[in-house]
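Accompanying notes for the structure given below.
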Amino acid sequence: MGIPELLVPAGNLEKLKIALTYGADAVYVGTSLFGLRKYAPNFTLSELRHGIEFAHQRNKRVYIVLNSFAHTHTMDTLPDMIDALAALNPDAFIISDRGVFELARARCSVPLHVSTQASVTNAAGCAYWKAAGAKRVILAREVSIAACTAILDHVPIELEIFIHGAMCASYSGKCVISNYTAARDSNRGGCVQSCRHRFGVHTATATHGEAHIMNAQDLMGIHHIKSIVSAGIHSVKIEGRMKSNLYVAQVSRLYRQAIDRIVQDPEAPCNDLENELETVSNRTFSDGFLDQRQTACNTRFTQYSKSLHFLGTVQALDATYAYVHLKQPFTTDMPMQWITPTGTHTAAIKSVTNAANTPLTAADLKPNCLIKVERTADIVPYSILTQSVS
Amino acid sequence: MKPELITFAGSVDGIHTAIQAGATHIILDDPAISCRSYQDPDPRRLDTLDQLLHATKQYPGYHFSVNCDKLFHTHEFALLDQVIARILDSPVRWMRVQDIGAMAYIAEHEPAIRIILNTEMGNTNAQSMAAFAQTAHRQVLGNELPVSAIKTIQKAVDTQYELMVHGPILLQYSYRRYLGSLMETERVIQGSIDDTDYPGRHFPVLDNPHGHFMFFYMDRCLLGYSSVVLGLNLSGWIVDGRGQSDAYLTTALSAYRHCLDTHSTGYVAPVQAVSPRPLKPMFFLVNNTEQEREPARDGTVLGTVIDVIKGDCIHISLCEPFRGFQAPPLLGLPQHDRYQHYASIPPVHTLTGEPCTTAEPGDIIQLPWIKGASPKAVLVV
Chain C
1 MGIPELLVPA
11 GNLEKLKIAL
21 TYGADAVYVG
31 TSLFGLRKYA
41 PNFTLSELRH
51 GIEFAHQRNK
61 RVYIVLNSFA
71 HTHTMDTLPD
81 MIDALAALNP
91 DAFIISDRGV
101 FELARARCSV
111 PLHVSTQASV
121 TNAAGCAYWK
131 AAGAKRVILA
141 REVSIAACTA
151 ILDHVPIELE
161 IFIHGAMCAS
171 YSGKCVISNY
181 TAARDSNRGG
191 CVQSCRHRFG
201 VHTATATHGE
211 AHIMNAQDLM
221 GIHHIKSIVS
231 AGIHSVKIEG
241 RMKSNLYVAQ
251 VSRLYRQAID
261 RIVQDPEAPC
271 NDLENELETV
281 SNRTFSDGFL
291 DQRQTACNTR
301 FTQYSKSLHF
311 LGTVQALDAT
321 YAYVHLKQPF
331 TTDMPMQWIT
341 PTGTHTAAIK
351 SVTNAANTPL
361 TAADLKPNCL
371 IKVERTADIV
381 PYSILTQSVS
Chain P
391 MKPELITFAG
401 SVDGIHTAIQ
411 AGATHIILDD
421 PAISCRSYQD
431 PDPRRLDTLD
441 QLLHATKQYP
451 GYHFSVNCDK
461 LFHTHEFALL
471 DQVIARILDS
481 PVRWMRVQDI
491 GAMAYIAEHE
501 PAIRIILNTE
511 MGNTNAQSMA
521 AFAQTAHRQV
531 LGNELPVSAI
541 KTIQKAVDTQ
551 YELMVHGPIL
561 LQYSYRRYLG
571 SLMETERVIQ
581 GSIDDTDYPG
591 RHFPVLDNPH
601 GHFMFFYMDR
611 CLLGYSSVVL
621 GLNLSGWIVD
631 GRGQSDAYLT
641 TALSAYRHCL
651 DTHSTGYVAP
661 VQAVSPRPLK
671 PMFFLVNNTE
681 QEREPARDGT
691 VLGTVIDVIK
701 GDCIHISLCE
711 PFRGFQAPPL
721 LGLPQHDRYQ
731 HYASIPPVHT
741 LTGEPCTTAE
751 PGDIIQLPWI
761 KGASPKAVLV
771 V
C-alpha cells in the first residue's frame, strides 16, 4: 500500500518553506507567466532556484505550474522560459495546454504532469496523455475515487486528485466567464470568480429569487484518505496558492497527520483534524465529487466561516525575541495561539515592540509591520501567530 | 472550395428545416450524448440518434456529423461504444467530440470515423492544434480567437477548420446542476440568471442531466464581417440555433447562405429583429484579455518593503540574492513612476540587527529609512 504524496500550494517562497516545514511532501508553485494565478505574488527565477534547493535538501519536491492555455503569439516566449525553468531542476511541470506540453516535452526532460485544467475525466484521456509523454494526470475534480480505481485498472499512470480547498463552479478549464464579463482571461490567470456572485434566477414562467447558485462549497476530503490509499492514487493535492500562511501551515500539518495516521491504522478517526481544518477561513465544506456526483452548492452562502484569525508569521528568532511579520493588527482581549509544525500552543504576548525596540500599543499595530515579541520554547521559524475569533 | 454551412438538428423536422434554410452540413443532436441539448434525454437512450441517422438517407449530397460533445466519465464509455456502433450502421462517418479521451478512443477503435474536435475552450494556439491534428480530422476554432490569430494558426497548421459564426457564447460547462437542484427537478431547465453586482445582464442558462451551461448575454454574429470570414477559407461555418425558434434559425441560416452564395457581407438587422439578445462579433475582431498587471521596472528588483519605521529603518523581503551594493539603490514606490534614491550606499543589517553582506531570496534585510518609503515599495538596483 503506497503512501500518497501530500502536495500543497505555495504562492510565494515563504509559503513554500512553510508548506514543506509543516509536512508537505511537495509543493506546486507558479511564475508570473503561464500560470493561472497571475495575481498571486508568484516566484522570480532566483526565488524558484532557492525554493527548489530548499526542497531538495529535505528530499521534497517542487512542481512548476505552467497551466495557462496559451495563445499563439505568447508561445514565442515559451522556449526560453522552459529552458530557464528546466535549468533549475524542478521535479515536474504542470501543464494543461497541448501545445505547451509538446514544446516542453521536446525541449527538456523535466517530468510533465497534466493539469486539472485539461479536464481529464476518464481512462482514455489518461491513456492519451500518457502516450503523449505525461508522467502524471491531475484529474478533473469531478472524478470520484471509485472512478480513479477504474482508470488505474485500464492505465498504469500516476493519478493526482484534489483533496482540499476551493472548487471551481465549472469543470476547471471549461470556463470563460471572466473573459466576457471582466475582459480578463480565466484560462490565462485572470479569473475574477464571478461565479461566486449572487444571481437572480429566472425561468420562462417564474422568477426564483436570488442566490449564490454557483458558489461551490470548499472541498474537504480528510475522511476519504483511506479510500484514496486503497485506490492507489499517487498524490493528493490541496488548492490555494493565494491563501494565507495560516492556511498553508494548517493544511500541511493536518493532512500530514491524517495520512500518517491512516497509513498506520486505516480505521483511525480523523475528526479532531477535521475540527482543526474548520478553524481556517472556508466557505463551509463538502466532499465534492470524491464519493459521488455533486449537483448543488451552498446557495445560502453569507460569509466565510472561521474560528482563527491569521495574525502573522515568525520571520526570525534571536535568543530573546521572535520577529513576526504582522498581517493583521490585534488586541489581547481574545486568546492567541502559536501554530507550529508540532501543534497549537497558547501564546502569551506580554509586550510588543518594533524592530527598533520602541514599545508598540495596539493602536500602533498595522498590517504589514514587523513586531518583536518575547520568544518561548515552542516558537520556531515560520510559526504562525493566530487569535480566536470573538 | 465553398465552406459548409453547418447547424444543429435534434429532430427529423429540424433536419428538413435546416436544409430548406440553406444548411449543407447538419449536426445530429441526441440529448444523451450532446451536452448542450435542450431536449430531455430519451429514457430509451439514443432513440433520437437512431431516428436522425435513419433520416439522413433522405438527403444524399448533404454532410452529417454526430454531436458527441459531453465530457465522458470512465463508466460512460459503453454509451460511446453504442454511438459508434450506430454510426457504423449508417452512412454518417463524422463525429464531433470535446473530450480528448473520447477522441483518442474513437480514433483507436474505429479509424473509419472522422473526428471533428471542438474543445470549446483551451485549444488556442498553433502548436496545440498541430498536436490534435494528428488525431482529429477537423477542429473548431475557439470563440476567443481573433481573426489575426486564426490566420496565424492557419498558416502554421494545415488542417480543416470550422468556426462558429453565429450563436450563443458558451461561458461555462459545469458537471453540477445548479438550477436542477434549486428547483428539485431532473428535467431540462432553460432560463437566465442576472448577476446582482452587475444588474441588467441576463445570462442565458441551460441546466440538463449533463450539467449546467451559462452563456453570455449577447450572441455572436459575424454577418457584418462575412467577407473577412470568407477570406479565411474555412471548411465550415457553424450557425448554432439550439434553443431558439425555427424563425430565428431559418432567418440566420438564410442570411449566411446568401453571404456564401454571393460572396458578400451580410446584414445583421433582419437577424437581430428575431434575436432575443444583442448580436456582436465578440472576440473575432480583437482579444485583449491578457493584460499584464504591472509594467516592468528598469533595473533589478531585489525585494519588497514589508515594514517601515519612520525616521529609523525599513525592512525588505528579498526576492533576489543580495551580494552587496555596487551603487546606491533606489526605492520604487507603489505609484509606478516614482523613485526615491539613496544618496550613498546604505548600511545593511539582518532582521536581528547584525551587519549583512549577503542574503538569499526570502531573507529580510534592514536598510536606513528613506523619505517616501512605504510597504510594497520595491528595492531596485
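Chains C and P, in that order, are what the protein sequence lines are.
Residue numbering for the first sequence follows our numbering, starting at 1 and increasing by one per position.
Residue numbering for the second sequence follows our numbering, starting at 391 and increasing by one per position.
The beta-carbon is built from N, C-alpha and C at its ideal position, and this holds for glycine as well.
Residue i to residue j span [Cα, whole Å]
i              : j              : result
V100 (chain C) : A422 (chain P) : 33 Å
Q337 (chain C) : D378 (chain C) : 11 Å
D548 (chain P) : S625 (chain P) : 12 Å
F199 (chain C) : I213 (chain C) : 7 Å
P455 (chain P) : E160 (chain C) : For clarity, residue 455 (chain P) is Ser in the given sequence; the question names Pro instead. Those two C-alpha atoms are separated by around 35 Å.
A24 (chain C)  : L290 (chain C) : 21 Å
I506 (chain P) : L553 (chain P) : 12 Å
H197 (chain C) : T361 (chain C) : 39 Å
D651 (chain P) : M519 (chain P) : 29 Å
I628 (chain P) : N42 (chain C)  : 40 Å
V676 (chain P) : F593 (chain P) : 22 Å
Y63 (chain C)  : S616 (chain P) : 45 Å
A124 (chain C) : E102 (chain C) : 19 Å
L478 (chain P) : P9 (chain C)   : 47 Å
G532 (chain P) : I82 (chain C)  : 26 Å
I706 (chain P) : G491 (chain P) : 49 Å
T31 (chain C)  : L317 (chain C) : 30 Å
E5 (chain C)   : A26 (chain C)  : 7 Å
R693 (chain P) : L254 (chain C) : Reading off the sequence shown, one finds Gly at residue 693 (chain P), where the question assumed Arg. So the alpha carbons of these two residues sit roughly 32 Å apart.
Contact check, residue i vs residue j, beta carbons under 8 Å
i              : j              : result
R141 (chain C) : G288 (chain C) : yes
V324 (chain C) : K306 (chain C) : no
L395 (chain C) : S170 (chain C) : With chain C covering only 1 through 390, there is no way to say anything about residue 395 (chain C).
I52 (chain C)  : I163 (chain C) : no
L20 (chain C)  : R58 (chain C)  : yes
V695 (chain P) : K766 (chain P) : yes
P341 (chain C) : Y22 (chain C)  : yes
S68 (chain C)  : G165 (chain C) : no
A645 (chain P) : P666 (chain P) : no
P79 (chain C)  : V110 (chain C) : no
R293 (chain C) : Y565 (chain P) : yes
I583 (chain P) : Y180 (chain C) : no
F462 (chain P) : D489 (chain P) : yes
Burial state of residue i (16 or more Cβ within 10 Å)
i              : result
T514 (chain P) : buried
A131 (chain C) : exposed
V487 (chain P) : buried
G773 (chain P) : Residue 773 (chain P) lies beyond the range of chain P shown here (391 to 771); nothing can be said about it.
Q448 (chain P) : exposed
L561 (chain P) : buried
E744 (chain P) : exposed
G590 (chain P) : exposed
A347 (chain C) : buried
M493 (chain P) : buried
M604 (chain P) : buried
H50 (chain C)  : buried
Residue nearest to residue i in terms of C-alpha spacing, selected from the options
i              : options                        : result
G557 (chain P) : P:P433, P:P671, P:H406, P:N677 : P:P671
F310 (chain C) : C:G232, C:I138, C:S244         : C:S244
E210 (chain C) : C:T181, C:T302, C:L365         : C:T302
M511 (chain P) : C:E14, C:P367, C:N187          : C:N187
A268 (chain C) : C:H223, C:F93, C:R283, C:R241  : C:H223
L45 (chain C)  : C:M75, C:A55, C:K15, C:A86     : C:A86
A55 (chain C)  : C:Y28, C:H73, C:A258           : C:Y28
D437 (chain P) : P:A408, P:R476, P:C425, P:Q580 : P:R476
L612 (chain P) : P:F605, P:G656, P:D636         : P:G656
Chain-order list of residues whose beta-carbon lies under 6 Å from that of residue i (same chain, five-residue window excluded)
i              : result
A127 (chain C) : V155
I405 (chain P) : A399, I416, A445
T344 (chain C) : Q337
I735 (chain P) : F715, P718
Residues near residue i by beta carbon distance below 7 Å, same chain, minus five either side
i              : result
T747 (chain P) : G714
S388 (chain C) : S307, L308, M334, P335
S391 (chain C) : No statement about residue 391 (chain C) is possible, as the shown extent of chain C runs from 1 to 390 and does not include it.
R504 (chain P) : R483, W484, H527
beta-carbon residue i near the ligand HEM non-hydrogen atom, thresh 7 Å
i              : result
L273 (chain C) : Among the ligands in the structure shown, none appear at all, so the ligand HEM cannot be discussed.
Other residues of its chain near residue i: CB distance less than 8 Å, five sequence neighbours each side excluded
i              : result
I409 (chain P) : I416, Y449, Y452
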